[in-house]
Every structure is written in C-alpha cells, then in structure tokens.
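Trainee: Below is a structure I'd like to ask you about.
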Amino acid sequence: MRSDQVEKCAPSSEWNVLYWILGSILMPVALPLAFINLWQRFRAQKYRNQLPGKVVLITGASSGLGESLAHVFYKAGCKIILAARRVEELERVKKDLMKLDVDPAYPPTVLALDLSELNSMPDFVKRALGVYNQVDILINNGGISVRADVATTAIDVDLKVMVVNYFGTVALTKALLPSMVKRQSGHICFISSVQGKFAIPQRAAYSASKHALQAFADALRAEVANKNVYVSCVSPGYIRTQLSMNALTGAGTNYGKMDETTAKGMSPDKLAERILQCIMRKKPDIIVSDVQAKIAYYLRHLLPSLYFWIMAKRASKLEKAEKKAN
11 MRSDQVEKCA PSSEWNVLYW ILGSILMPVA LPLAFINLWQ RFRAQKYRNQ LPGKVVLITG
71 ASSGLGESLA HVFYKAGCKI ILAARRVEEL ERVKKDLMKL DVDPAYPPTV LALDLSELNS
131 MPDFVKRALG VYNQVDILIN NGGISVRADV ATTAIDVDLK VMVVNYFGTV ALTKALLPSM
191 VKRQSGHICF ISSVQGKFAI PQRAAYSASK HALQAFADAL RAEVANKNVY VSCVSPGYIR
251 TQLSMNALTG AGTNYGKMDE TTAKGMSPDK LAERILQCIM RKKPDIIVSD VQAKIAYYLR
311 HLLPSLYFWI MAKRASKLEK AEKKAN
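Rendered as structure tokens:
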C-alpha cells in the first residue's frame, strides 16, 4: 500500500477531536449508568430467587390490574392473598390461578375487603396475618375513579373517592406496618396514577386522591428507610381495564362507558410485569406510561404556563363535546 493510501485510511484530526470529546464527556456518564444498571439487575435476580414463598397481599384483586398482579406473583412462586369486595370474583381468580402449572404452588387465600370501611382494617389485617403469620409485600391496588367536572360533582362523591383511594389505603397500610417494622422486613407498593403527578380536567376528585397517595408514600418511605421496609409508588398511564366502566359520575351513579383512551391503554398483564420488576429492584418511584403523559409531567414542572394553557384548551374541548352529546 502506498503512503498516500495509508494517509487516507488514517483518521483525520477532526475525528480525533470528536473521539476525544465523546470519550471525555460521555464515558464518565455512561460507565456509572452501566454499572448501576448491572447492579440493579443483579439485585433484581437475587430478589427474584427469594420470591418463592413470599406472602403477597393484593387489594382490588378481583379484576383488571389486581387480577394480573395475582397471576404474575403466583407464577413467581409467591403465597397470594386476594382481597376485594366481590368475593365471588376473587374465588374465580383463585380457581384460575390454581389451574396454572407452577412450582412451588401455594393455594391462594381469599379475604373480603371494603376499603371504605376504615374501622375494619385492624380486624382485616389480623385475618391476613393469621394466614401465614406475616405479609412480605403489600400491593395497594384497590380504588375507584370519577368522570365529571368539579362544578357538577357532589361533595359526597369527592368524599367517597378520597375515602376509598386514600384513607382506606392509608388505614390498611397503618394497620399492617407495625408487623413489618417488628420483623424489620417488608415492601409496600402503592398503585397510583400519572394523574397523581399532574391533574387533568374532569378528573379532579380522582387526581386529588392520587396526589394525596403520592405524598403519603413519599413521607412513609423516608420514615421506614432505616427499618428495612421498602416503599414503591407506581404511576401508570391509561390501563386497558374496566376502570372507566366502573367509574362514578358527578352524581354518584355508574359511568358505565369505556373511554377511548382506556380502551387503547396498556395491557394490565404488561403493567403487572413492570410492577414485579419495580418491586424486585426496590425502585422507590416509577412512571409507566406513553410518551404523551411523560411530556405532560415534565411540562407541569418545567413549563407550567404552557401546561396550564394546554389543560385549559382540553377542558374547553371536553365541555363542548359534552354539550354536543346532550
């Protein structure tokens, strides 16, 4: 090869500068991130090996995401306690689980739970602890939603949503927490919503309850950090469940409609897998949503004036659509 050909093959000085910039700026960032990711994977695999035999209490387990969570943790070899108001549906979920080819397999336990009955939580926890003498993972998934603007929402509806989504979950968590602290072991997972991160029109009551849940989770996480009790808060976007069908109107009646956004939402099975990964990796707070919801989240904090303008336009559009429908 001639010398002039060798020179053509050699990297130019411009490329040398680019390599130097990439190496100097990106590598110090990329290497720690890669190390952290590998460490998290190692911890997750180690914890997954410890999952068989763990006692998992899931609220709202009669359908939707709660049912999917029951399947995911049961397949992981966990001892499942299914809790919800509809006992007959819990029994159906139990039968479906027991048909699965899982090893080890523990027959799921069904317990009736009404999150609006705040004073019943201590007795419920006694029954739950009486099954296996402990609960290793509590997944607070139960809740209800509302489809109505502020002006037409009766205060009783606001109260009901807050009692079920916030106070009921808080009461259950407080009743179970002492047993975890005593054992110096446990994980509490709150299933919130992206609407607990930012509010949208016609979801005021629901968003308020999820905002409160987010704050409670953040405070609790700090308080139990030195007690080997972990707290996760998962904020999903739209999920393809019956949430909108079972939602309340402003008058407190059943909404009974499948929202287009809900119908196109994430599969509950896929979300359940993400929640399992979140718990295994002991992640404190995650958002699981499409790009649009994540953009709205960052706009709310970085460009609030633009976010407020977009929400005002959305509210106006919804109001016009509602008038047209009526």
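Per our numbering, the very first residue in the sequence shown carries number 11; after that it's consecutive. Using N, Cα and C, we set each Cβ at its ideal position, and we do this for glycine too. Model, not experiment: these values are computed from the prediction.
1) Which class does Met290 belong to by DSSP, given the choice of helix, strand or coil?
2) Which residues mark the beginning and the end of the alpha helix (DSSP H) in which Tyr240 is found?
3) Label Asp146 either buried or exposed according to how many other C-beta atoms from any shown protein chain fall within 10 Å of its C-beta, with 16 as the threshold for buried.
4) Verify whether the separation of the beta carbon atoms of Leu125 and Thr162 is less than 8 Å.
5) Expressed to the nearest angstrom, what Euclidean distance is found between the alpha-carbon atoms of Gln210 and Val174?
6) Rounded to whole angstroms, what is the Cα-Cα separation between Arg157 and Ala325?
7) The alpha helix (DSSP H) that contains Ala5, what's its start and end?
8) Alpha carbon to alpha carbon, what distance is there between Ile90 and Leu223?
9) Using the three-state DSSP reduction, which class does Gly275 fall into: helix, strand or coil?
10) State yes or no: is the C-beta of Leu258 within less than 8 Å of the C-beta of Tyr248?
11) Taking 8 Å as the threshold, find out whether the region 57-66 comes into contact with the region 81-101 through three or more Cβ pairs.
12) Tell me whether Ser315 counts as near the ligand GTP, meaning its Cβ is closer than 7 Å to at least one heavy atom of that ligand.
13) Please list the terminal residues of the continuous beta strand (DSSP E) segment that includes Val89.
14) Tell me whether the region 124-139 and the region 107-116 touch, counting them as touching only if at least three CB pairs, one residue from each stretch, are closer than 8 Å.
15) For Gly196, name the three-state secondary structure that DSSP assigns.
Mentor: Well, looking at it:
1) helix
2) It is not in any alpha helix (DSSP H) - Tyr240 instead sits in the beta strand (DSSP E) that spans 239-246.
3) buried
4) no
5) According to the sequence as given, residue 210 is Ile; it is not Gln. Their Cα atoms are separated by approximately 20 Å.
6) 13 Å
7) Any answer about residue 5 is impossible in this case: the structure gives the chain only from 11 up to 336.
8) 24 Å
9) coil
10) no
11) yes
12) The ligand GTP is not part of the structure shown, which contains no ligands of any sort.
13) For the record, residue 89 in the displayed sequence is Lys; it is not Val. That run of the beta strand (DSSP E) goes 89-94.
14) no
15) strand
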